[in-house]
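Here the structure comes first, spelled out in structure tokens, and everything after it is commentary.
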Amino acid sequence: MEPPVTSPKLAEIIGAFETADIERANALFETAGGDQFAFRNGFDALGQVLAVMPSDHWRRNEAAFCSWVVYLCKFGQAARASGHLNDPDLEFDKTVRFTIVELLVAIHLGDPIDSADIERWIYLERTLPIAEPLTSGLYYNAMLAILVRVGRLTEARSFGVRAISAFKAAHHWHLEHFIHLHLADLSINEGHLRRGRRHLYSAKICLEKSGEAHGNEEQLSEIISLVLDYETGNFAHIPARGAELRTSLIEGDSWAEIFNQLARITILSLYFTAGRRAALAELTEFQVGYAQRHGRHSDVLALLEIEIDRLDHSLGGAEQAIARLDPDNLRGPIGSILLSGIRAALGRQNATLTHVAGPRAALNATLVEAAQASGQARRRLVQHAFLLAVRESHVAPFVENRETLSGLGSQLTASGFVRGHVQTGRMVRKVLRTVEQSYWVPERLRDLGVTHKQLRVLTALQSGATNKEIGRLLGLSEATVKFHLTKLYRATGVRKRGELIEITMGI
978 MEPPVTSPKL AEIIGAFETA DIERANALFE TAGGDQFAFR NGFDALGQVL AVMPSDHWRR
1038 NEAAFCSWVV YLCKFGQAAR ASGHLNDPDL EFDKTVRFTI VELLVAIHLG DPIDSADIER
1098 WIYLERTLPI AEPLTSGLYY NAMLAILVRV GRLTEARSFG VRAISAFKAA HHWHLEHFIH
1158 LHLADLSINE GHLRRGRRHL YSAKICLEKS GEAHGNEEQL SEIISLVLDY ETGNFAHIPA
1218 RGAELRTSLI EGDSWAEIFN QLARITILSL YFTAGRRAAL AELTEFQVGY AQRHGRHSDV
1278 LALLEIEIDR LDHSLGGAEQ AIARLDPDNL RGPIGSILLS GIRAALGRQN ATLTHVAGPR
1338 AALNATLVEA AQASGQARRR LVQHAFLLAV RESHVAPFVE NRETLSGLGS QLTASGFVRG
1398 HVQTGRMVRK VLRTVEQSYW VPERLRDLGV THKQLRVLTA LQSGATNKEI GRLLGLSEAT
1458 VKFHLTKLYR ATGVRKRGEL IEITMGI
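If you want it as structure tokens, here you go:
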């Protein structure tokens, strides 16, 4: 990274603007970085310069415009920045610098990205100035995030690798750390948890070497760390951090995928530890925050509500709800993974299970197939799922498909499947323990003596399922379902299914 402007040089720039010596001020500003001023000198220094510029100076000078727009995005005002891009009164000739800022705004907004724009932006690489690696790095950074959002993950990773090379050439550790965070998140979504950890470690090293901190860099790293915790089944502590981290994304650096990722792990963790009502309340807070930060509601967050319905065996209106969402906003990894699970639960056999290749997709596919099988076939598929999961220590997919494990606990722990395989046996025990703990029973039902097994039957009953359908959903015999219903009748003091549903629906 080039040395930042010294205090006298910064004072000189500020003095030139304050004395209305605009031509000299512009020349000094360009010398100190121009459109890249913030990345070379820090956002605090840029804020001081912007404060003394004439109020409409950004309309007449491209470097000032680019710096102003980047500053707005940095501090949570991407929608306002987007409005400036379309200002009809811009007086300067637009160059590649304007287009790169356009890209940086696009990654901060939640709008669908037109395929024609993507191809236009990819073509832009040919015009990048060879002697300016920082410019190239900013371009590759933006393309990485944009291609992830539209589900072009292989291309995205390629742009990420090029961004790292460019920022290394520019000696810009601070910006390189963001690329490692992007690649960590992408790796985790694919299911490469160990690779994700390596990228997270590299991000922290880069940030430490840079010696810079302009906002919420530490919070961004914490979010990625929490995503790793969630995927390995350690989610009880996540909800307590959700609100503060959400605020950090609203007020500081953010991009649509990291916001959706934080929402996913926070809301699902809440569902598993505090129930549906708490999860939906938190989902509302995330939607409000997303709209505030990214200028619109998130279709991925809307899909999360349907995911909670799937976990509750209550997908009655799911088809209509999905039809109201914009499919272009569900093409990223999180939207694709959620949508594939919901479609599988709806029996959409011809739908692509997931657009995200990798260990997590293979594991999910196996668990979905196991849910549709029975007897020995189901057990063999679940065992195969554990063999797929053990390398990366995946737990979350089992919790998200927890009914598939119903009735298999003793068969898994006591069989030759784990005998002599220490790591696999440890993995099986952890998954079974985590799944057992993921069934939250409301306090009023706990006071009545209702167990989590009875709650599973009750939840399926509330969706309108028959005893036979409940047995199929939960992997139980019809006789076992009737046994649990009898216990529920006694605990609640009712005698009919309708009465049981009525008195427990609001709990």
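Residues in the sequence shown are numbered consecutively from 978, following the working numbering.
Even for Gly, the Cβ is constructed at its ideal location relative to N, Cα and C.
Beta-carbon gap between residue i and residue j smaller than 8 Å
i	j	result
L1425	T1457	no
R1356	Q1400	no
A1009	K986	yes
H1157	H1176	yes
L1281	R1254	no
E1039	L1062	no
D1276	L1302	yes
L1205	G1173	yes
G1272	A997	no
A1295	T1250	no
G1210	V1372	yes
V1408	F1375	yes
H1149	L1197	no
Secondary structure of residue i, DSSP reduced to three states
i	result
L1450	helix
V1333	coil
F1069	coil
G1384	coil
P1089	coil
M1030	coil
N1327	Residue confidence is low: N1327 scores 45 on pLDDT, short of 50, so the model does not pin down where it sits. Its coordinate-derived value is still stated next. Three-state DSSP puts N1327 in coil, outside helix and strand.
F1394	coil
F1363	helix
H1148	coil
V1204	helix
W1045	helix
Q1349	coil
E1369	coil
V1127	coil
A997	coil
W1417	coil
H1061	helix
L1302	coil
G1475	helix
I1107	coil
Contact belief for residue i with residue j at Cβ below 8 Å, rounded distance in angstroms
i	j	result
I1499	E1284	Limits of the chain in this structure are 978 at one end and 1484 at the other, which puts residue 1499 out of reach.
F1263	L1278	6 Å
F1053	I1227	According to the sequence displayed, residue 1053 carries Gly and not Phe. Yes, they are in contact, since the Cβ atoms of G1053 and I1227 sit about 6 Å apart, within 8 Å.
R1036	L1067	6 Å
F1020	K1051	6 Å
D1162	Q1238	6 Å
R1379	S1415	6 Å
I1200	L1222	6 Å
I1123	A1083	6 Å
V1029	I991	5 Å
G1087	A1233	4 Å
T1343	A1362	4 Å
- Query: Which runs of the beta strand (DSSP E) fall wholly inside the region 1259 to 1291 and span at least 3 residues, in chain order?
  - Reply: none
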